[in-house]
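**Q**
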Ligand code: ADP
Ligand code: MG
């Protein structure tokens, strides 16, 4: 359905896409992953000519779309695009947002367009919202409208550019559920996403983009479980981390908690997990305080998206001592709270520092 050969794209001196070769067949669901700035958006934008490629060929159903004779509006209609920001018309009702282009661009009969639009709104769970304005909807609902609007143009393929990146964590799943449904119904799609679990179970193939090329591609089992390239492996196993340095007992507890809170939210961890992490930190700090001065304490959080594990490290100076060892503490309640919140606590000595690595229990 789509064949890309020797595709390159330069912005001035910057070569973003070096030499891309790829074929996408009808009914495939392709997830495109990779570090930011590696040209994922540019690649999608080249496919529907929102960006003009510098050189190379793109064939859609064997038609070379870089040929001067190509009817670009007709091509764009075949390729729907859903962006991070929903781009709905704020002054039009949800229904009017869906019927505008089919009536204006495809010359559809308004009554037919409306019937089809209602059908699509029901399909994305928003039949009730037809007569409301975009501002009355949540982010997740707006993105579902944007998907329905795209479907109203009856595209042959839909390109999604990080469709859930602008959403609150609580709204991500409702949008992914709609995309999953389209996948089940056989829609051809290419999706740039950071949602690894979703990419794993929705895709027929995954493209890992890096250094201006499709660095590695394969079925999800290969890319996520047995990547062949070192760079892919490093990306898949990357751990997102956070650090806070307590300098003195006068540290700003609220600022630290707010930063931890933000870290958890960014990784879509639940409120319960967030509370547990804050509580665990507080108990460790209390234990440390009873041991003497609270100074030069380093607190780290690391979250691995692949294994969904959350680790808290608590790194303190001083003579060798494991804070969480019962012999070293009279605070039985504190210790039992720490035990409840963790599945494992490992102690190690490094130079003159005591390091505790705590695996947070049931992080989700
Ligand atoms: P990704 O989507 O993988 O994060 P992008 O495709 O957005 O990456 O961008 C790849 C590179 O191209 C980045 O370095 C970005 O700054 C650059 N870039 C993207 N669009 C333009 C543009 N219109 N003009 C100049 N540079 C651009
Ligand atoms: Mg992008």
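Numbering (the working numbering), first residue to last: 1155 to 1518.
In this text, a Cβ means the ideal position worked out from N, Cα and C, and glycines have one as well.
Since residue 1526 contacts residue 1382 with CB under 8 Å, what's their CB separation in whole angstroms?
**A** Any answer about residue 1526 is impossible in this case: the structure gives the chain only from 1155 up to 1518.
**Q** Helix, strand or coil: how does DSSP classify residue 1401 here?
**A** Counting from one through the chain shown, the residue named residue 1401 turns up at place 247. It is coil, neither helix nor strand.
**Q** Quick check: the Cα distance between residue 1405 and residue 1346, rounded to an integer number of angstroms?
**A** Walking along the chain shown from the start, residue 1405 turns up at place 251. Walking along the chain shown from the start, residue 1346 turns up at place 192. Whole-angstrom Cα-Cα distance: 41 Å.
**Q** Are the region 1190-1206 and the region 1310-1320 in contact at 8 Å, needing three or more beta carbon pairs?
**A** yes
**Q** Regarding residue 1239 and ligand 2, is the C-beta to nearest heavy atom distance less than 8 Å?
**A** The count along the chain shown starts at 1 and reaches residue 1239 at position 85. No, since every heavy atom of ligand 2 falls outside the 8 Å radius drawn around the Cβ of residue 1239.
**Q** Sort 1282, 1350 and 1255 by Cα distance to residue 1306 and report the nearest one.
**A** On the chain shown, residue 1306 is found 152 positions in, with the first residue counted as 1. Of the listed residues, the one whose Cα sits closest to residue 1306 is 1255.
**Q** Check whether the Cβ atoms of residue 1505 and residue 1452 lie closer than 9 Å to each other.
**A** Numbered from its first residue, the chain shown carries residue 1505 at position 351. Numbered from its first residue, the chain shown carries residue 1452 at position 298. No; because the gap between Cβ atoms is not below 9 Å, this pair is not in contact.
**Q** Would you call residue 1240 buried or exposed, if buried means 16 or more other Cβ atoms sit within 10 Å of its Cβ?
**A** Looking up residue 1240 in the chain shown gives position 86. The residue in question, residue 1240, is buried, as its Cβ has 16 or more Cβ neighbours within 10 Å.
**Q** Relative to ligand 2, is the shortest distance from any of its heavy atoms to the C-beta of residue 1190 smaller than 8 Å?
**A** For the purposes of this step, residue 1190 is taken as the residue at position 36 of the chain shown. Within the cutoff, so yes.
**Q** Using DSSP with H/G/I as helix, E/B as strand and the rest coil, what is residue 1230?
**A** By one-based count along the chain shown, residue 1230 stands at place 76. Correct three-state label for residue 1230: helix.
**Q** With DSSP collapsed to three states, give me the class of residue 1365.
**A** Counting from 1 along the chain shown, the entry for residue 1365 is found at position 211. Three-state result, residue 1365: coil.
**Q** Would you mind stating whether residue 1442 and residue 1401 have Cβ atoms separated by less than 9 Å?
**A** The residue given as residue 1442 occupies position 288 in the chain shown. The residue given as residue 1401 occupies position 247 in the chain shown. Result no, Cβ atoms of residue 1442 and residue 1401 do not sit closer than 9 Å.
**Q** By the 10 Å Cβ neighbour count, where 16 or more other Cβ atoms means buried, how is residue 1251 classified, buried or exposed?
**A** Locating residue 1251 in the chain shown gives position 97, where the first residue counts as 1. The residue is buried, with at least 16 neighbouring Cβ atoms inside 10 Å.
**Q** For my contact list, residue 1278 and residue 1332 are in at a C-beta cut-off of 8 Å; report their separation, rounded to the angstrom.
**A** Sequence index remark: in the chain shown, residue 1278 carries index 124 (1-based). Sequence index remark: in the chain shown, residue 1332 carries index 178 (1-based). Rounded, the Cβ-Cβ distance is 5 Å, consistent with contact.
**Q** What three-state label does DSSP hand residue 1275 in the structure shown?
**A** Locating residue 1275 in the chain shown gives position 121, counting from the first residue. If DSSP states are grouped into helix, strand and coil, residue 1275 belongs with the helices.
**Q** State the beta-bridge partners of residue 1455 as determined by DSSP.
**A** Here residue 1455 is taken as the residue at index 301 of the chain shown, counted from 1. Answer by DSSP bridge pairing, in chain order: 1396 and 1466.
**Q** By the 10 Å Cβ neighbour count, where 16 or more other Cβ atoms means buried, how is residue 1466 classified, buried or exposed?
**A** Position 312 of the chain shown holds residue 1466. Residue 1466 is buried by the Cβ-count criterion.
**Q** On a CA-only basis, which of 1290, 1225 and 1199 is nearest residue 1101? Give me that one, please.
**A** Examination of residue 1101 is not possible in this model, given that the chain is present from 1155 through 1518 alone.
**Q** Report, in whole angstroms, the separation of the C-beta atoms of residue 1536 and residue 1454, which I expect to be a contact under 8 Å.
**A** The first residue shown for the chain is 1155 and the last is 1518, placing residue 1536 beyond what the model contains.
**Q** Which first and last residues belong to the alpha helix (DSSP H) in which residue 1446 is found?
**A** Counting from 1 along the chain shown, the entry for residue 1446 is found at position 292. It is not in any alpha helix (DSSP H) - residue 1446 carries neither H nor E in the DSSP assignment.
**Q** With DSSP as the reference, please indicate the residues paired to residue 1163 in a beta bridge.
**A** Against the chain shown, residue 1163 aligns to sequence position 9. DSSP, once it has assigned bridges, lists 1171 as partnering residue 1163.
**Q** Is the closest heavy atom of ligand 1 to the C-beta of residue 1193 under 8 Å?
**A** Taking the first residue of the chain shown as 1, we reach residue 1193 at position 39. In terms of side-chain proximity, the C-beta atom of residue 1193 is found nearer than 8 Å to a non-hydrogen atom of ligand 1.
**Q** Do you know whose CA, among 1322, 1228 and 1460, lies nearest residue 1425's CA?
**A** As a first step, residue 1425 is located in the chain shown; it is residue number 271 there, counting from the start. For the set 1322, 1228 and 1460, the Cα lying nearest the Cα of residue 1425 is the one of 1322.
**Q** Among 1167, 1185 and 1508, which has the Cα closest to the Cα of residue 1438?
**A** Within the chain shown, residue 1438 is the residue found at index 284, counting from 1. Among 1167, 1185 and 1508, the Cα nearest to that of residue 1438 is on 1508.
**Q** When you measure from the CB of residue 1504 to every non-hydrogen atom of ligand 2, does any distance come out below 8 Å?
**A** Locating residue 1504 in the chain shown gives position 350, counting from the first residue. Incorrect: residue 1504 has no Cβ contact closer than 8 Å to ligand 2.
**Q** What is the DSSP secondary structure of residue 1243, reduced to helix, strand or coil?
**A** By one-based count along the chain shown, residue 1243 stands at place 89. Residue 1243: coil per DSSP, three-state reduction.
**Q** At a cut-off of 8 Å, is residue 1316 close to ligand 2 when judged by its beta-carbon and the heavy atoms of the ligand?
**A** Start at 1 with the first residue of the chain shown, and residue 1316 comes out as number 162. Flag set: Cβ of residue 1316 near ligand 2.
**Q** Quick one: Cα of residue 1364 to Cα of residue 1173, how far?
**A** Residue 1364 sits at position 210 when you count from the first residue of the chain shown. Residue 1173 sits at position 19 when you count from the first residue of the chain shown. Straight-line measurement puts the Cα of residue 1173 at about 12 Å from the Cα of residue 1364.
**Q** Quick check on this structure: which residue in 1493, 1387 and 1366 has the alpha carbon closest to the alpha carbon of residue 1376?
**A** As a working note, residue 1376 is residue 222 in the chain shown. Per the Cα distances, 1387.
**Q** So, for residue 1202: in the same chain, excluding its five sequence neighbours on each side, which residues have a beta-carbon less than 8 Å away from its beta-carbon?
**A** Numbered from 1 along the chain shown, position 48 holds the residue referred to as residue 1202. Contacts found: 1229, 1230, 1233, 1235 and 1313.
**Q** Given a threshold of 16 other Cβ atoms within 10 Å of its Cβ, counted over all protein chains shown, does residue 1295 qualify as buried or as exposed?
**A** Looking up residue 1295 in the chain shown gives position 141. So residue 1295 ends up on the buried side.
**Q** Just checking my contact of residue 1357 with residue 1185 at CB under 8 Å: how many whole Å lie between their CB atoms?
**A** Within the chain shown, residue 1357 is the residue found at index 203, counting from 1. Within the chain shown, residue 1185 is the residue found at index 31, counting from 1. Right, the Cβ-Cβ distance comes to about 4 Å (below 8 Å), so this counts as a contact.
**Q** CB of residue 1329 to nearest heavy atom of ligand 1: below 8 Å?
**A** As a position in the chain shown, residue 1329 is number 175, starting the count at 1. Between ligand 1 and residue 1329, a heavy atom-to-CB distance of less than 8 Å is absent.
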